[in-house]
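Enquirer: Chains as they are written, first to last, in the numbering used here: chain A, 4 to 336; chain B, 154 to 602.
(1) In its own chain, which residues sit with a C-beta less than 7 Å from the C-beta of residue 317 of chain B, not counting the 5 before and 5 after it?
(2) If contact is defined by three or more beta carbon pairs under 8 Å, each pair taking one atom from either stretch, is the region 166-184 of chain B in contact with the region 403-410 of chain B?
(3) Which of the three DSSP states is assigned to residue 572 of chain B in this structure?
(4) Quick test of your reading: residue 278 of chain B and residue 299 of chain B, contact by CB under 8 Å. State the CB separation rounded to the nearest angstrom.
(5) Quick one: does residue 239 of chain A have its CB under 8 Å from some CB of chain B?
(6) As an exercise, report each continuous beta strand (DSSP E) stretch of at least 3 residues that is fully enclosed by the region 427-479 of chain B, in chain order.
(7) Are the Cβ atoms of residue 26 of chain A and residue 109 of chain A separated by less than 8 Å?
(8) Take residue 498 of chain B and list the residues in its own chain whose beta-carbon comes closer than 6 Å to its own, dropping the five residues that flank it on each side.
(9) On the three-state DSSP scale, how would you describe residue 222 of chain A?
(10) Do you know offhand how far residue 249 of chain B's Cα is from residue 374 of chain B's?
(11) With a cut-off of 8 Å, does the C-beta of residue 454 of chain B fall near any C-beta of chain A?
(12) Among B:485, B:574 and B:423, which one has its Cα closest to the Cα of residue 184 of chain B?
(13) Spatial neighbours of residue 324 of chain A within its chain, please: C-beta separation below 7 Å, excluding the five flanking residues on both sides.
(14) Between which residues of its own chain and residue 342 of chain A is the CB-CB distance below 7 Å, once the five residues before and five after are set aside?
(15) What residues from the region 394-418 of chain B come within 8 Å of chain A, judged by C-beta to C-beta, listed N to C?
(16) Does residue 212 of chain A have its Cβ less than 8 Å from a Cβ in chain B?
(17) Any beta carbon from chain A within less than 8 Å of residue 187 of chain B's own beta carbon?
(18) In its own chain, which residues sit with a C-beta less than 8 Å from the C-beta of residue 242 of chain B, not counting the 5 before and 5 after it?
(19) Per DSSP, residue 424 of chain B is paired with what?
(20) Are residue 414 of chain B and residue 485 of chain B closer than 8 Å when you measure CB to CB?
(21) Using DSSP with H/G/I as helix, E/B as strand and the rest coil, what is residue 242 of chain A?
(22) Quick one: which residues of the region 516-547 of chain B get their C-beta closer than 8 Å to a C-beta of chain A? List them in chain order.
(23) Assuming contact is defined by CB atoms lying nearer than 8 Å, are residue 565 of chain B and residue 581 of chain B in contact in what I supplied?
(24) So, using beta-carbon positions, are residue 273 of chain A and residue 316 of chain A closer together than 8 Å?
(25) How about residue 304 of chain B: is its C-beta nearer than 8 Å to some C-beta of chain C?
(26) Which term fits residue 90 of chain A, buried or exposed, when burial requires 16 or more other beta carbons within 10 angstroms of its beta carbon?
(27) Going by the beta-carbon positions, is the gap between residue 206 of chain B and residue 266 of chain B smaller than 8 Å?
(28) How many whole angstroms separate the CB atoms of residue 364 of chain B and residue 162 of chain B, which I take to be in contact at a CB cut-off of 8 Å?
(29) DSSP on residue 225 of chain B, reduced to helix/strand/coil?
(30) Could you list which residues in chain A have their beta carbon closer than 9 Å to that of residue 318 of chain B, in chain order?
(31) When DSSP builds the beta bridges, which residues end up paired with residue 183 of chain A?
(32) Skipping 5 residues on each side, what residues in its chain have a beta carbon closer than 6 Å to that of residue 575 of chain B?
(33) Identify, in the order they occur along the chain, each residue of the same chain with its Cβ nearer than 7 Å to the Cβ of residue 221 of chain A, setting aside the five sequence neighbours on each side.
(34) With 8 Å as the threshold, decide whether the Cβ of residue 391 of chain B is near any Cβ in chain A.
(35) Using DSSP bridges, identify the partner residues of residue 278 of chain A.
(36) Which runs of the beta strand (DSSP E), 3 residues or longer, sit entirely within the region 534-565 of chain B?
This is the structure we're talking about:
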């Protein structure tokens, strides 16, 4: 759950967390460059000899990320209010993702990162908070890419971010991104053929809404303001259209963070939190949420420390996201 | 001891009371009660009540109402708020203080207005206004206003959605309704009985000494004396429409505007006093508050229905009093929705629920439906949230006193009220034949000196 970068990766230290605004500009340039240098449309080549692309075997690391600054406290409170977390000094896993996001983005905009930043789709996320992190603690953040693999619609890659406090791992998040229409030349797709719905732990159970979210048109802009993720697909209908969406879409991590918050204090101080994103949530919209404690066929106390959630458009029967939260700080025999 | 009650007729939202406030309505209900029992200038022990939808300026709603009434200005008061259980909790609170000897008398009640509900500004505008208010210079004040966005100007109207889930109370009940398999027909039957029973009570003059007309309204505006099963059956479902799913494979929606409570404006008040206090003033005594219990359920992730807390409250109350669910002459179960009453009744009859959720060896069983809400309840009368407890307690006290006078033995009524936030309050009232005979003016053969 807390493993560091794969063997053979070298650590490159950054003095500070990079600014996301500059990274997006750089990402746009590098995306254009990648598009221009593709030997064939729709494929990515790693080297001039036509071999498969490779990920940079580099972990970017920022040793000192201070959280005792007033603007961090203010941003955390705004984040907590927005996603429904209890406002306070405990940093929820979703905000650690936010803090690490620029470092991961920095990696994706490097010249040797083989996939275009713009247009990549966040398909899944799983995170483990193994030690509570509190405001005021100094964090080390490191990020690397691994697991480049074919997908039926392109290739996917995992961006892994670790947060350490006093050298001890506190958080590890894996964000899976899909680069659509990009193919690995030499490897056949071995993933994504099974519909993800069947992997849901509570597939087959009727959907009982336990909550309803009314997501206004400004949902994307509001989350952008606290997370810094100003990807144009979230900001307005106009900017989203440029990327093929009919309207702006909600940040996946905003919806997943709300689901995490809705599990409530029973999740404990440390927990695993996973999500798979299906259909994007177009803004504005009203979606139904179902949180189920325990899982079918998983009776007993351990099952009670697990919550499954699904967010869907009940009228159209479309699933937007589903995932689970599991409490870590209690072990059951 | 419950001496009497008074309320104003309940009005449909946007009706006769659209220009009056919670304070206006509660003062009217209070003043009617004062007039009925000759309490002008009296210093009562306490007046307790509240409103669910409340302006921030109404921080002392009840005290301000007292000052606007002809009670002695030396009568203390405080606000209490427990969603739809506000009124009943206020009655319990005063009854407890009387029992402890801390006060000799008190008035409990509440008021709620949908028509005059507070409107809040958006979070963005609120932050800007607060920041500008704290600013020390014109420059920083202007700077604060520059942060204002056009969307911040839209006002926020209060909603009856549960804050923690975003689902309306009706949508929550729709899940419970489906879970307990409560049918449309059974709900419509409850709704029809509510209207017919309330209409009959008005016709018989039952409310003559329980209601003061207000703003030209002399009867509950929502009451449909001409309601019929056919009319109710025609209404389209309004809650639980999404439960069926896009293919309609799930449960059919059953909850309509006809078998749900409408949003309503109104106020109510109940006079309580010790026996000595009542005797001294030659006031009648209708019933005594025997005991009460408040419960809450874990509804957030749907472990239990939002409005199912009364099932727990009643079970614990019965256990403490050594009573069974069948030991009552009357039952007053608040009809948040007709389905709420039916879900509770079904739960008490269900062995699994009573064992797993209530921790009982055997189910509480069924009740004689002829004793349930005999003079109608909230589906017909309407439900101005904080005013409902006072309406039910006054009606129940008068009914149970009449029952005692009629039978010549102690009569007992069970009251239960569900509330937002997964809350529920249950209470037991008892009337003794001697008191009841004096209070109701009827004679029985069981008189004694």
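Just so you know, even glycine gets a beta-carbon here, dropped at the ideal spot from N, CA and C.
Expert: Reading it off the structure:
(1) 453
(2) no
(3) strand
(4) The Cβ separation is near 13 Å, so there is no contact.
(5) no
(6) 441-449
(7) yes
(8) none
(9) helix
(10) 34 Å
(11) yes
(12) B:423
(13) 255, 258, 259, 278, 279, 280, 281 and 314
(14) Past the boundaries of the shown model lies residue 342 of chain A; chain A is included only from 4 to 336, so the question cannot be answered.
(15) 395, 396, 398, 399, 400 and 403
(16) yes
(17) no
(18) 233, 235, 447, 542 and 578
(19) B:157 and B:260
(20) no
(21) helix
(22) none
(23) yes
(24) no
(25) Included in the structure are the protein chains A and B, with no chain C among them.
(26) exposed
(27) yes
(28) 6 Å
(29) coil
(30) 212, 213, 214, 215, 265 and 292
(31) A:157
(32) 449, 450, 452, 459 and 462
(33) none
(34) no
(35) A:128 and A:326
(36) none
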